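**Student:** My questions will all concern the structure given below.
In structure tokens form, the structure reads like this:
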């Protein structure tokens, strides 16, 4: 969780090292990369390798921490609220707080993508917060709408009482409010995330929200105007007597059950041989090494030398 305090330069340096390791195998070397790192850090169905972007993870951590701050009554959150809230508005000037420095830019995003569950109404700004399906200040623009008018201002003895409120509320708004389900309990108000069924925001949800969602294989389709035509065109063939070997290995975990396999084809695409193997419980590195050794043995057994 403390990745939110890491400098962006450090995060990008770590990603650069990871990129060099994946593409080259040597963290100290670099070369021109064909596929952007952001296209690698997406799901397999979208054309990526299902890796996690540290930059997106840093942003996701700040988003989750920001929502936790809004909902928390713990001492750390109460201390920050006492320093940054002035008449229900957040301050604009700087204060020395690593937490507030990292989450203050997430507050507008949280407000736009969350709603309030009405508890005691003490944390809800009646006119400007999203607690009643509608933003009430957008429904009526002719009234004076003070920021200090809270949600508990019209609740008396756990029931709605618009006559006793300190601000006039039009009948049209009273009908909207009456149609809302309000608990009328003494629990604290709570912000819920609009994009999850449970209303909770996990780090996984925050990451998916923060990262750039791409269309499946967008980086490939941008180079091919007609994808169906691309497969219909017969590729050109070059007469040669070289043979091609493809191999690969994978592991379910580290360590976990592993498997590897390979296939050999000639220049006309005919299968010359194939193999599969189960190295046992190991990691992906052992699986790849075992696969490479079997790939070396296969052409020797088949008498294939031009590879």
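Residue numbers (the working numbering): 178 to 484.
Idealized CB from N, CA, C, for every residue including glycine.
Nothing here was measured: the structure is a model prediction, and the numbers come from that model.
1. How close, in whole Å, do the beta carbons of residue 382 and residue 373 come, if the pair is a contact with beta carbons under 8 Å?
2. Which class does residue 458 belong to by DSSP, given the choice of helix, strand or coil?
3. With DSSP as the reference, label residue 349 as helix, strand or coil.
4. Buried or exposed for residue 252, going by 16 or more other Cβ atoms inside 10 Å?
5. Would the segment 241-252 count as touching the segment 272-288 if we require 3 or more Cβ pairs under 8 Å?
6. Taking Cβ to Cβ, would you say residue 426 is nearer than 8 Å to residue 465?
7. With which residues is residue 448 paired in a DSSP beta bridge?
8. Compare the C-alpha of residue 452 against each of 260, 422 and 207 and name the closest.
9. Identify, in the order they occur along the chain, each residue of the same chain with its Cβ nearer than 7 Å to the Cβ of residue 546, setting aside the five sequence neighbours on each side.
10. Whole angstroms are fine: how far does the CA of residue 449 sit from the CA of residue 411?
11. Please state if the CB of residue 420 and the CB of residue 442 are separated by a distance shorter than 8 Å.
12. Going by the CB atoms, is the gap between residue 424 and residue 446 shorter than 8 Å?
13. Among all the DSSP beta bridges, which residues are the ones paired with residue 292?
14. Report the rounded CA-to-CA distance for residue 273 versus residue 242, giving the unit in angstroms.
15. Rounded to whole angstroms, how far is the Cβ of residue 192 from the Cβ of residue 387, which I believe are closer than 8 Å?
16. Apart from the five residues just before and just after residue 276, which ones in its own chain have a Cβ nearer than 8 Å to its Cβ?
**Tutor:** Per the coordinate set shown:
1. 5 Å
2. strand
3. Residue state, collapsed to three classes: helix.
4. exposed
5. yes
6. yes
7. DSSP, once it has assigned bridges, lists 442 as partnering residue 448.
8. Of 260, 422 and 207, the residue nearest in Cα terms is 422.
9. Outside the modelled stretch of the chain, which goes from 178 to 484, sits residue 546, for which no answer is possible.
10. Residue placement at residue 411 cannot be trusted, given a pLDDT of 46 that sits under 50; the coordinates are not used to answer.
11. yes
12. No.
13. 369
14. 17 Å
15. Contact flag wrong, Cβ pair sits at about 15 Å.
16. 242, 246, 253 and 257
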